[in-house]
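Chains as they are written, first to last, in the working numbering: chain P, 1 to 408; chain D, 1001 to 1151. All residues carry an ideal CB built from backbone N, CA and C; glycine is no exception. Inspection log for the structure reproduced underneath, given as structure tokens.
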Amino acid sequence: MQARRAAAFLLASGSLLLLAACGADDFDENEKKAIRSLSLAALPERPIDPSNRVSGDPRAAAFGALLFTDTGLSGNASMSCATCHKPERQFQDDLPRGVGAAETDRRTMPLAGVAWSPWQFWDGRRDSLWAQALAPLEDAREHAGNRTAFAHHLAARHARRYAELFGPLPALDHLPADAGPKGTPAERAAWAAMSPDDREAVNRVFSNLGKALAAFEETLRPPQTRFDRFAAAMLEGREPEAGNDLSDLEREGLKLFIGKANCLECHNGPRFTDDHFHNTGVPPVAGRADDAGRADGIAEVLADPFNCLGTYSDAEPDACTALRFMRRDRAAMQRAYKTPSLRGAASRPPYMHAGQFASLDEVIDHYSRAPAAVSGRTELRGVVLTERGRKALVAFLKTLDPQRASDP
Amino acid sequence: MSSQAETGKNRFILALFGLVIAAVAVYAGYRLLAPPPPQIDVTYNTVSADGLYQVTFETDLQPVPVGETHAWILTVTTPDGAPVSDAEIAVDGGMPAHGHGLPTEPKVTENLGEGRYRVEGMRFNMGGHWEIRVGISATPGLDEAKFNIDL
């Protein structure tokens, strides 16, 4: 009788423990709230950029798509945005640092979800997609083009489409073939010799080129992943469809991600980013120019003539909230970089702003060691992870990947 | 009733008893491990540290959002309810548990009169416990009010 009683007790409590260890019930209410906040269901409607009057316009997006792959927009007529932002590779290039006319200092960023991002670039030195697009166009290591050449190219190849969106192009025939404030010494001299009205007219065309490109980039939404389908099922209290469940290891990784490993501190919301800048002690690449990250980005975005408060912006100054209330504390932003989205990250190594880490294992190792930063102070405190915990985090990150066979 | 049925029933009661004990044990364990409920003021209405001002806020988005820049209306009165309409106000804050500040620099952009002030540029970049400090300088003196917000 005594033994039976014990057995019955064991059976009852055992079944209770089992219940707690599997099924959707292994996430408590707080965890479910966190899972919902990470899923695509929590993604707000695509924002309209008030500084870009063709933001959200499908005709502008179609024109922008054309321009995105137009090699005519480069110094040697062989380079386009798509050279580095490869559409079939999540709009990035799998290299540690992007290579245009020459190698750049940073890694090419994927573009899914950029419309939701208040700051562009690893250091946020631009405050809109259209202002961002202008930077690579006249960067000597990227497109290596110049402003009058872009205007002439639009007149020769895209005059009708341009006019439909922005009105007719100004008279350009009297302008030099190659002139711009950022180019070679000859191009800069030619730019300085132009009348202020002509420079202004060309700048306007140049900014509109950026606005059409931006309208296209805005349409790049983060695709659904297995994690999103799992989250949707869990939140509706039903079993995930075949192939959309998460394994025990993946669930453990998810639990760690939203719990003890503190990843949610920065990688939060449906894009897995807080849209802010953090020093995480990622080491610089040996032999490269010093990189202060956001500390330099602050002054640069304020000085950008194409920012939201500038002459070429279509926004009322009041609407420029990101810029007006920007944190300007330079010292706190030393070697801080924009938190990247983790959607799709698993299938596109290398990682970090200059491709410092070759694999997710190296990334997780960095988070557990939390080394001191070479300058500024790292915000990481180090997480203690078991061997299984590390595997679990990596397994979870893979569920955010749209490239898997099960995720069309 | 046969003794067989009797034992069956007993066994069932015992199992039920075991289940209850297990549930209690799990609940006790949970209470033991879960952090104690925070003993902090979570209302959007507070008195400044030296008691000079009564401060409340409303937000233009409800509930207070994470990851979205939004505006607050602060209302400042004396403890007996008279509006303080000549105040200089500074807003700052952060997450004490994580040792970081706000991702933005909010500012008072408009004095709406009747002790009401529009604060723009409020932004919280993660869920959790935030502390917002409102520095107030007006005729009654300099004082600071603090709001605790759980997002």
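Pairing P:E138 with P:R59 gives a Cβ-Cβ distance that is not under 8 Å. Between P:L249 and chain D, the shortest Cβ-Cβ separation is not below 8 Å.
Annotation: Cβ neighbours of D:T1104 in chain P (cutoff 8 Å, chain order): F325, M326 and R327. Look at D:T1056: its C-beta is not under 8 Å from any C-beta on chain P.
Listed in chain order, the non-local C-beta contacts of P:G124 below 7 Å within the same chain comprise F277, R294, G297, V301 and K338, local neighbours out to five positions each way being set aside. Residue contact check for D:E1120 against chain P: a CB pair falls below 8 Å. Just so you know, the alpha carbons of D:L1142 and D:G1135 end up roughly 8 Å apart. Residue P:L213 holds the alpha-carbon nearest to the alpha-carbon of P:A62 among P:D245, P:L213 and P:A193. Checking the DSSP bridge columns, you'll see P:G98 has no partner listed. With a cut-off of 8 Å on Cβ pairs, the segment 303 to 315 of chain P is not in contact with the segment 381 to 393 of chain P, counting fewer than three such pairs. In the structure shown, the three-state DSSP call for P:K182 is coil. Rounded to the nearest whole angstrom, the CA to CA distance from P:P223 to P:A346 is 14 Å. Shortest Cα-Cα distance from P:D361 to any of P:P350, P:D93 and P:R229 involves P:P350. Boundaries around P:F206 are those of the alpha helix (DSSP H), P196 to E217, since no beta strand (DSSP E) includes it. Identification of chain D residues near P:D274 by a Cβ-Cβ cut-off of 8 Å yields G1067, P1103, N1125 and M1126, ordered along the chain. In this structure, D:D1092 keeps its C-beta atom at 8 Å or more from the C-beta atom of D:A1138. Residue-level contact by beta carbon fails for D:H1129 and chain P, as no gap is shorter than 8 Å. Excluding the 5 residues flanking it on each side, P:A151 has same chain C-beta neighbours closer than 6 Å at L172, V202 and V205, in chain order. For the pair of segments examined, the segment 1097 to 1106 of chain D was found to touch the segment 317 to 334 of chain P: the number of CB pairs separated by less than 8 Å reaches three. Taking a 10 Å sphere around the C-beta of P:I48, we find fewer than 16 other C-beta atoms and assign the residue as exposed.
At a cut-off of 8 Å between beta-carbon atoms, P:T83 makes no contact with chain D. By the neighbour-count definition (other C-beta atoms within 10 Å, threshold 16), P:T311 is an exposed residue. P:E29 is outside the set of residues whose beta carbon lies under 8 Å from a beta carbon in chain D.
Looking at the backbone, the Cα of P:G183 and that of P:F357 are separated by about 33 Å.
With respect to the 8 Å criterion, P:D401 and P:T225 are classified as neighbours on the basis of their beta carbons. Unbroken alpha helix (DSSP H) runs of no fewer than 4 residues, entirely contained in the segment 79 to 128 of chain P, are found at 81 to 84, following chain order. If the five residues before and after P:R324 are omitted, its C-beta is found closer than 7 Å to no C-beta atom of its own chain.
In the DSSP annotation of this structure, the continuous segment of the beta strand (DSSP E) that includes D:G1093 starts and ends at E1088 to M1095. The beta-carbon of P:L129 is placed no less than 8 Å from the nearest beta-carbon of chain D. From the listed residues P:L220, P:S78 and P:M194, the smallest Cα separation to P:Q90 is found for P:L220.
Taking a contact to require three or more Cβ pairs closer than 8 Å, the segment 267 to 274 of chain P and the segment 74 to 92 of chain P do not qualify as touching. P:A133 places its beta carbon less than 8 Å from that of P:G210. Contact annotation: P:H143 and P:L73 have beta-carbon atoms nearer than 8 Å. Looking from the CA of P:R343, the closest CA among P:H158, P:T321, P:L397 and P:R251 belongs to P:L397. The closest CA to that of D:T1069, considering only P:Y367, P:A319 and P:F306, is found on P:A319.
Inclusion of P:H353 and P:R106 in the CB contact set at 8 Å is warranted, their separation being smaller than that value.
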